[in-house]
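Chains A, B, C and D, in that order, are what the protein sequence lines are. Using my numbering, you'd call the opening residue of the first sequence number 16 and step up by one each time. Using my numbering, you'd call the opening residue of the second sequence number 399 and step up by one each time. Using my numbering, you'd call the opening residue of the third sequence number 15 and step up by one each time. Using my numbering, you'd call the opening residue of the fourth sequence number 958 and step up by one each time. Note that CB positions come from ideal geometry on N, CA and C, so glycine has one too. For reference, the structure is listed below as structure tokens.
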Amino acid sequence: MNPVTDVHTLWTTAAEVPGRIPAPHIEYAQISPTLIVFGAAIVGVLIEAFLPRRNRYTAQLLLSVVALAAAFAAVIGLAAGGFATTKAHLAAMGALAVDGPALFLQGTILLVSLVAVFTFAERRLDPAAHGKRVDSFAAQAAAVPGGAAEQAAVKAGFATTEVFPILLFAVGGMLIFPAANDLLTLFVALEVFSLPLYILCALARRKRLLSQEAALKYFLLGAFSSAFLLFGIALLYGYAGTVTYAGIAEVVADGAKQIDPALAGTMGNDALLLIGGALALMGLLFKVGAVPFHMWTPDVYQGAPTPVTGFMAAATKVAAFGALLRLLYVVLPGMRWDWRPVMWGVAIVTMLGGAIVAITQSDIKRLLAYSSIAHAGFILAGVLATTRDGISSVLFYLAAYSFVTLGAFAVVTLVRDAGGEATQLSKWAGLGRRSPLVAAVFAVFLLAFAGIPLTSGFAGKFAVFKAAAQSGAGWLVVIGVLSSAIAAFFYIRVIVLMFFHEPKADGPTVAVPSPLTTTAIAIGVVVTLVLGLAPQYFLDLAGQAGTFVR
Amino acid sequence: MNPVHYLYLAALLFTIGAAGVLIRRNAIVVFMCIELMLNACNLAFVTFSRLHGNLDGQIIAFFTMVVAAAEVVVGLAIIVTIFRTRHTASVDDASLMKL
Amino acid sequence: MADLSFPLLTCAAALPAVGAVATAALPAARRTAAKWVALLFSVATFALALVIAFRFDPGAKGPFQLTESHAWIADFGVRYELGVDGIAVALIALTALLIPFVILAGWHDADPLEEARPNRRWRPTQGFFALILAVEAMVILSFEATDVFLFYLFFEAMLIPMYFLIGGFGDGASGADEGEAAARRASAAVKFLLYNLAGGLIMLAAVIGLYAVTADQLGTGTFSLQQIVEARASGHLTLGTGTERLLFLGFFFAFAVKAPLWPLHTWLPGAMGEATSPVAVLITAVVDKVGTFAMLRFCLQLFPEASSWATPAILVLALISILYGALLAVAQRDIKRLIAYASISHFGFIILGIFAMTSQGQGGATLYMVNHGISTAALMLVAGFLISRRGSRLIADYGGVQKAAPLLAGTFLIGGLATLSLPGLAPFVSEFLVLVGTFSRYPVIGVIATAGIVLAALYVLVLYQRTMTGPPKDEVRALPDLRVRELVVVGPLIALLLFLGVYPKPLTDLVNPAVDHTLSVVDKQDPKPEVRVDAVPGHQRAGHPAHHHDAEAAK
Amino acid sequence: MENLIALLIAAPLVGAALLLCGGKRLDRTGHWIGTLLAVASFAVAAVLFTDMLGRTADDRALHQHLFTWIPVGGFHADLAFQLDQLSMTFVLLITGVGSLIHLYSVGYMAHDERRRRFFGYLNLFLAAMLLLVLADNYLLLYVGWEGVGLASYLLIGFWQHKPSAATAAKKAFLVNRVGDVGLSIAIMLLFTTFGTFAFGPVLDAAGTATSAGEGKLTAIALLLLLAACGKSAQVPLQSWLGDAMEGPTPVSALIHAATMVTAGVYLITRSGTVFDAAPAAQTAVVVVGAVTLLFGAIVGCAKDDIKKALAGSTMSQIGYMILAAGLGPIGYAFAIMHLVTHGFFKAGLFLGAGSVMHGMNDEVDMRRYGGLRKHMPVTFVTFGLGYLAIIGFPGLSGFFSKDKIIEAAFAKGGTEGWILGGAALLGAAITAFYMTRVMLMTFFGEKRWDPDEVHPHESPKTMTIPMIILAFGSVFAGGLFSVNEAFVHWLEPVTSLAHGHPPLGATATTAATVVVLLLGVAAAWLMYGRKPVPVTAPRGSVLTRAARRDLLQDDFNHVVLVRGGTHLTDTLVRLDHTLVDGAVTGTAVAMGGLSGCLRRLQNGFVRSYAAQMVGGAAVLVAVTLLMRGV
């Protein structure tokens, strides 16, 4: 066996002198949302470079909002143009898919990011330092916390306005992630949105030690997992000889029939496929925070600045599940019977693990982190349905969940004491007495998390469980509702704490936010209730978006 | 030489990298181990590229290098700020948040 | 199906909902106004319920009337489908009737403490009454819903306002300091919520399963009760035995928690004990009824075969509930917990009646729901008045109240007598029907259940004896008698107990067709008597025939 | 005419409603309103009675159908009344004696601040009792049955501030409830057997058809007997009657002597055809009757409390009636006749006792009486006549009725007849003994009271007049009824009639009765008349001590039911907490514990996280491979 000779001919063919270089065909209009966001990010960097410091905040904020809104409009335009359904196809030489799920998720990510920008830009919560309003981010992240350099920076009124372009870069990566149609794009998109997030995590104004620790953990584990992902990609490439989704799917479906027998050692080798698939899945499961790859979630959620946590929890999950869906539905449907049992297991331990460990949490952000893990489990149940309904239910769930999450973390930013945000649960005692409205809003979010009817959480949960049940995963549904019951316990515990306990004398106060955060929270509440009461329109939307292009 | 041996080497390197991540305390070393894992992937890509007789794998290897470089930028920045704050680069010291 | 006429049923549910919003919106200082607004809305709802009752034609064909049907969530196969049968009308009327009394009885329950700092944002009074109205709206909707999913939504959603009502408002009579009392209350509320939520979630699994089955066999999934019943009757929809049983169990579990049936009852005593008595009434007289109602409407009609299959086990559980609840009631030291255990016993009777699968049993069970609602309300509210006077729930802290407050003692006694199903009062009719209905199919169970009436007498009379009779204790000597507001609450309830005891026909006429429909769906017939007696029921009885005809002639 | 039937009940019912809801403004007139309405009811009864007499024997039953009460499926209960000769007898007794006792109570309760309510309760009782005897079906009868129970409960516990009264009331209600269980199940069984529980069809069917099977009918009859035992204080449910004497004396006279306690007899007589078709049940009835008549008599001998002695006597006399009712057609009419005469003389005796207590500062211990005949002549005479009547002194009421029962008992025939007749005779002897004892201890002998503290005096007119009227009844009623067997024939259409043939012949039986009566009186005189009565009771024999404690029935109840029950409920409370609730709480705690363990994995060390990820990846890969079987 000596394949080398055959390869050589290929080499030589490729090395022949081309007549002309064929320019890649790029449908710029169809990938415009991504381009807009990246363009704005670059402009943002330029703003940092050239605009005077005092104008940067306004400019960056405006730029981000406009860019995200424009990108969202572009998504709407594409969807209206039929790209979500009939005209769905692959753009940019097959690197990116423009289809229903992609557009739906991109739209969701953009809206979530837009709301997140509001919370990023909030400058009224922390007491003003030296007469200047400050946001949640360090004045100068590179400076040692509490050191002279930092004090000087604070005094000078520095602000890390870079967060906006960083955020935009992350958003850009997230937009590509669920649309990526080959494994290379997938990997690059993953890194494009992960690296900015690592940085954002480290930028907290208060409790910087924790913030940096979160960044370090996130970074190391993220890089570690992306290495696994990459290795998985390598193996899949070895299996199929290509990294495009369609190509791999074809090989998986047809087996190694028309493959050169000389390549039998690698190509079509099931071991490569299975190991590669498993490692690639692991990379994505890490991003969605599924057990046992969830360990980063609580620590990072806790340490990161709360607006970042909210953004991360909402948008990353949407993007990562989008990518997971595409990987499983487009690349690996032929080996459904291989990955389904494993994913069953992952879904079950994720649901139960998240719910159970959350019971004893004492920090609100950690609690929400574990809650997000449990929710990842619920969404996985929908993913496992492997039906069109499964896709649309997951899309709907993601949309519903992301707004609840964002809103919940936005409320967390409001509850403050002398040391910044009071995330210790015990400090939340009696919040309902002091600020009934804020507590009530938070209770709405918690109830939505718990999946109480008339909230979006219930509609979402119903949708995914319904899809799972229809695909025959009845027992998964039963375990799902049981873990919902366990999960309900800790959501309710928080409500008890807020409403049925006497406020402590030295308890935290609720800061009065600017219209930015107020808007963010209000959007969260409205979406939660509308999706709970009249979800049909959005279900239709998700239903129409329920087909992947191949 | 049988190209499959390159794959074994890649797997070995990957494992060494992973083991390094688990074993070493210094953040920089841990990070380098991750880079080692990425490079192991590169080796695998290139090998498969050879085996399949197409260029995809090799191109991916370039992408990987770029990504790794970007990772270095971000990673080092984070590690350095932490070092400046804590005067240690041990990952085990960064364990304030737990349970 | 769509009925273009006035959406009476929607309005009946919307009215209290609007009332809840209106009440909640009033500023903190306008406490009294909030109370009146709430009362007004609840009375208006009652009026609307009466309109429904009169518009309802018991003789009409078809199981549901006043139907409304609108598309809602097509993806889930869910329609906004409302409709009432006689049972629902009766229970809606009960709910709408009780809420004004609950509000009146709780008039001062949510007043802020005098020493409390004024707090512009904290508006417990508004919240209390708004929550009560919210519960009412949801309960009414769940009685009206003929779509399983719609029902489920409100069945679950009503837990939340109930939860806040239980956990947020206490009667200050637990004998502990406020902090500890609040903690106990909170844990009771949590227990209530978790129990019911767990039940509801298990039901959710079954609801989803039902959808999967209908979607699988009918093409599109549906939750419409009528559609499913018809599809089953026509053979378009056939559930496998195992599937049907599992789905049935899922539904039944939730309802059994809510009802509550032994051994799922342990949330009730805590919840009723710690909540203020109007809220306790809301729990046991209104909210819990949804559970038993749903057994009749959903468990039996959706899963007739599985219902028959599970009947023996359920009857035994119901029997245990009856005796167990009564025995535990005897041993209670806390007035409200005693009433709670008594309710468990009564719910045992209701479930017994439902699953006896006879027209007497189910008709009696429906009547029982109504009557138990009224009688428990009367007893519990008077108990609440008593407790608020003395500031203690412990039976041992009372004695000789009769001397100080004869009116209070008298009404308490009547409530108690209704609880022990004294003939002449409404609960007797229903209890006897349940027993007869059970006995005619399951004689042994009927006989054992009858023993429950002795235990009922025991706990009621022991309670009355220990609190009301004997030499008055010092703390009791100066208790004021019932005030006008309190009399207004108790008087009509007692009058109703008497009226329905003597003339329950309006209620039975309302309920009978619905019960017959249910039985026909379950495909059960009443057992026939062994000896046919040639007497036409309802007509002048042929006493001793010979004498009788002569007497007629002589007249 | 039948439309008047409802009025019978309505009058006292309105009275009860008025008096109980009327408030303080009726305090001054309430007792008269109550009395008036009782009398009105009696007047209506009288009108109906004359009307009834005006018709032929077969044509006397009246029916009134008010409305359909409970119609559910085949279950159909009417609110309808039936007034036949049996009901009429009861109606007259109830309203008659009831009116008298209302009148008596005006004087007796004159100083009670809650007198209005007392009359309200009395009226309530009348209404319920009338409903009981007028109902045309078992379910409606059950309403009256429990209604009188309620009235009895309220009246026994009328002096609620006395814990003993409250306890006695509760006990009476509870014991009655046990009987009620029997009645309810009987009704259910009737319904499932016959599809109805109206008297007419059921009794016809039971009488004519054997299709129901004797087993079913026996069961029904036994259940009815259980009900009767509860209401009529028959063994084994007799224990409440003694305690019921805690109530005011008029209550004891009306409810616990003349009327309510005889409801059991009514029930058995009314259900005659059922019992006739179930001989085994009839045997049970006569056994209960015989045992109770002796039991009551023995208890009556030992009691020093005048009312309790009379209560024992009541029990015993009802035992006679039950015995007679159990004999079937040969006894029904006599049971009812004895019931009526007993109504007169026992009410008279109780009123007399009440009068004595009234004059003796509510002292009830006969050992502190003595020689009262001079101080209370009217009471003495009326009480004395009642005494003579009850012991069956020839020519007085009790003689006629009791003699007939004893005769019928012998007529039962065979060994059974001998035993029953013997028991009845023995009972007569003991009756004579204990009643003489009461008489002697109360009105004869020397004073055993302190003249400085107690000033015995005759009672006011409102009290004495009823006593006098009742005394007339005690003397003459029996004789009147027996003229041409008028009473027996009057009842014949309802109860049917058969003449028994006592083995000894009627004259011999009568002679025997008189002899044992004299023996009883003589024995009592020897013990209580000849020598002074000690103020403190001597210890007495084992039997005496047992009899004082109601033959240990209460002790048995206490040990078995009260203590056992308390134990049971306490255990259940513990189980509820630890086992049923514990399962749930345990789950919660277990979840918390599991959570506490699992969160340890989240130890904060990034390398540990990485290790877990690697482990996870390994599992993922391994399982995927295993699934394929590679």
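Touching by the beta-carbon criterion (3+ pairs, under 8 Å), the stretch 504-517 of chain C and the stretch 284-298 of chain C:
No, the stretch 504-517 of chain C does not touch the stretch 284-298 of chain C.
Take F1232 (chain D) as the anchor and find which of D:D1319, D:S1044, D:G1327, D:T1452 has the nearest alpha-carbon.
By 1-based counting over the fourth sequence, the position of residue 1232 (chain D) is 275. For F1232 (chain D), the nearest C-alpha among the options comes from D:T1452.
When you compare only the Cα positions, how much space is there between A362 (chain A) and G34 (chain A)?
As a first step, residue 362 (chain A) is located in the first sequence; it is residue number 347 there, counting from the start. As a first step, residue 34 (chain A) is located in the first sequence; it is residue number 19 there, counting from the start. Their backbone Cα atoms lie some 53 Å apart in a straight line.
Are the CB atoms of R455 (chain C) and P541 (chain C) within a distance shorter than 8 Å?
Indexing the third sequence from 1 puts residue 541 (chain C) at position 527. Indexing the third sequence from 1 puts residue 455 (chain C) at position 441. Closer than 8 Å, so yes.
Rounded distance between the beta-carbons of A1185 (chain D) and G1221 (chain D), thought under 8 Å:
Here residue 1221 (chain D) is taken as the residue at index 264 of the fourth sequence, counted from 1. Here residue 1185 (chain D) is taken as the residue at index 228 of the fourth sequence, counted from 1. G1221 (chain D) to A1185 (chain D), Cβ: 3 Å. Contact.
Pick from A:D378, A:L383, A:W359: whose alpha carbon is nearest that of A370 (chain A)?
Mapped onto the first sequence, residue 370 (chain A) falls at position 355. If we check each option's Cα against that of A370 (chain A), A:L383 comes out closest.
Does the Cβ of I421 (chain B) have 16 or more other Cβ atoms within 10 Å, making it buried, or fewer, making it exposed?
Within the second sequence, numbered from 1, the residue matching residue 421 (chain B) stands at position 23. Looking at its Cβ environment, which holds fewer than 16 other Cβ atoms inside 10 Å, I421 (chain B) is exposed.
Would you identify the three-state DSSP class for F152 (chain A), choosing helix, strand or coil?
Along the first sequence, one-based indexing puts residue 152 (chain A) at 137. Strand.
What residues are listed by DSSP as bridge partners for Y517 (chain C)?
Here residue 517 (chain C) corresponds to residue number 503 of the third sequence, with the count starting at 1. Paired residues: none, contrary to the question.
Identify the continuous beta strand (DSSP E) that holds H84 (chain C) and give its terminal residues.
On the third sequence, residue 84 (chain C) is found 70 positions in, with the first residue counted as 1. Going by DSSP, H84 (chain C) is part of the beta strand (DSSP E) stretching over 79-87.
By DSSP, does Y456 (chain C) sit in helix, in strand, or in coil?
Taking the third sequence and counting its residues from 1, the one referred to as residue 456 (chain C) is at position 442. Coil, per DSSP.
Is there a C-beta anywhere in chain A that falls below 8 Å from the one on V1578 (chain D)?
As a first step, residue 1578 (chain D) must be located in the fourth sequence, where it is residue number 621. Taking Cβ atoms only, chain A reaches closer than 8 Å to V1578 (chain D), which makes this a yes.
Residue burial classification, G1572 (chain D) (beta-carbon count within 10 angstroms, cutoff 16)
Locating residue 1572 (chain D) in the fourth sequence gives position 615, counting from the first residue. Exposed, by the Cβ-count rule.
Suppose the cutoff is 6 Å on Cβ atoms and the five residues either side in sequence are ignored; what does the same chain contact list for P485 (chain C) look like?
Numbered from 1 along the third sequence, position 471 holds the residue referred to as residue 485 (chain C). The residues are G414.
Give the single residue among C:S19, C:P520, C:E544 whose Cα lies nearest to the Cα of V1029 (chain D).
Here residue 1029 (chain D) refers to the residue found at position 72 when the fourth sequence is read from its first residue. V1029 (chain D) has its Cα closest to that of C:P520, out of C:S19, C:P520, C:E544.
Should the stretch 1505-1512 of chain D be called in touch with the stretch 1415-1433 of chain D, which here means at least 3 C-beta pairs below 8 Å?
The stretch 1505-1512 of chain D is not in contact with the stretch 1415-1433 of chain D.
Tell me which same chain residues have a C-beta within less than 6 Å of the C-beta of G1352 (chain D), skipping the five on either side of it?
For the purposes of this step, residue 1352 (chain D) is identified with residue 395 of the fourth sequence, where counting begins at 1. None.
Whole angstroms are fine: how far does the CA of I1348 (chain D) sit from the CA of P1459 (chain D)?
For the purposes of this step, residue 1459 (chain D) is identified with residue 502 of the fourth sequence, where counting begins at 1. For the purposes of this step, residue 1348 (chain D) is identified with residue 391 of the fourth sequence, where counting begins at 1. Going by C-alpha positions, P1459 (chain D) is about 22 Å away from I1348 (chain D).
The beta strand (DSSP E) with F1154 (chain D) in it runs from where to where?
Here the question's residue 1154 (chain D) lines up with position 197 in the fourth sequence. Boundaries cannot be given for F1154 (chain D), as no beta strand (DSSP E) includes it and DSSP labels it neither H nor E.
Let me see if you follow: with CB-CB separation under 8 Å, is R1134 (chain D) close to chain C or not?
By one-based count along the fourth sequence, residue 1134 (chain D) stands at place 177. Contact of R1134 (chain D) with chain C is assigned, a C-beta pair being separated by under 8 Å.
Of all the CB atoms in chain C, is at least one closer than 8 Å to the CB of A899 (chain D)?
Residue 899 (chain D) cannot be examined here, being either before or after the span of chain D that is shown, 958 to 1587.
The beta strand (DSSP E) that contains P1028 (chain D), what's its start and end?
Position 71 of the fourth sequence, counted from the first residue, corresponds to residue 1028 (chain D). From DSSP, the beta strand (DSSP E) with P1028 (chain D) extends over 1019-1029.
Selected residue, minimal CA-CA separation from F473 (chain A), among A:F308, A:S499, A:R448
What you label residue 473 (chain A) is simply residue 458 of the first sequence in a count that begins at 1. Nearest C-alpha to F473 (chain A): A:S499.
Using a Cβ-Cβ cut-off of less than 8 Å, list which residues of the stretch 1555-1582 of chain D approach chain B; keep chain order.
When C-beta distances to chain B are compared with 8 Å, the residues of the stretch 1555-1582 of chain D below that value are R1556, R1557, Q1559, N1560, G1561, F1562, V1563, R1564, A1567, A1568, V1571, in chain order.
For V258 (chain A) and chain B, any beta-carbon pair shorter than 8 Å?
Looking up residue 258 (chain A) in the first sequence gives position 243. Taking a beta-carbon distance threshold of 8 Å, V258 (chain A) counts as an interface residue toward chain B.
Is A467 (chain B) buried or exposed, if buried means 16 or more other CB atoms sit within 10 Å of its CB?
Along the second sequence, one-based indexing puts residue 467 (chain B) at 69. The residue in question, A467 (chain B), is exposed, as its Cβ has fewer than 16 Cβ neighbours within 10 Å.
CB contact flag (A144 (chain A), V178 (chain A), <8 Å)
In the first sequence, residue 144 (chain A) corresponds to position 129, counting from 1. In the first sequence, residue 178 (chain A) corresponds to position 163, counting from 1. Here A144 (chain A) is not near V178 (chain A), since their CB atoms are 8 Å or more apart.
Relative to chain F, which residues along the stretch 337-371 of chain A have a C-beta separation below 8 Å, given in chain order?
Included in the structure are the protein chains A, B, C and D, with no chain F among them.
For Y1289 (chain D) and G1430 (chain D), what's the separation of their Cα atoms in angstroms?
Looking up residue 1289 (chain D) in the fourth sequence gives position 332. Looking up residue 1430 (chain D) in the fourth sequence gives position 473. Here the alpha carbon of Y1289 (chain D) sits roughly 21 Å from the alpha carbon of G1430 (chain D).
Using DSSP bridges, identify the partner residues of G184 (chain C).
Looking up residue 184 (chain C) in the third sequence gives position 170. Looking at the DSSP output, G184 (chain C) sits in a beta bridge with C:A289.
Proximal residues of chain A, C-beta to C-beta of G1543 (chain D) below 9 Å
Position 586 of the fourth sequence holds residue 1543 (chain D). None at all; the shortest Cβ gap to chain A is about 14 Å.
Under 7 Å by beta carbon: chain A residues contacting I480 (chain B)
Counted from its first residue, the second sequence places residue 480 (chain B) at position 82. For I480 (chain B), the chain A residues whose C-beta falls within less than 7 Å of its own C-beta are Q227, L231, listed in chain order.
Near V58 (chain A), which residues of its chain fall below 7 Å by C-beta distance, leaving aside the five closest residues on each side in sequence?
To locate residue 58 (chain A), count along the first sequence from 1; it is residue 43. Contacts found: L78.
Taking 6 Å as the limit between beta carbons, can you name the residues of its chain near L510 (chain C), skipping five residues before and five after?
Here residue 510 (chain C) refers to the residue found at position 496 of the third sequence. Cβ neighbours of L510 (chain C) within its own chain (closer than 6 Å, five residues either side excluded): I388.
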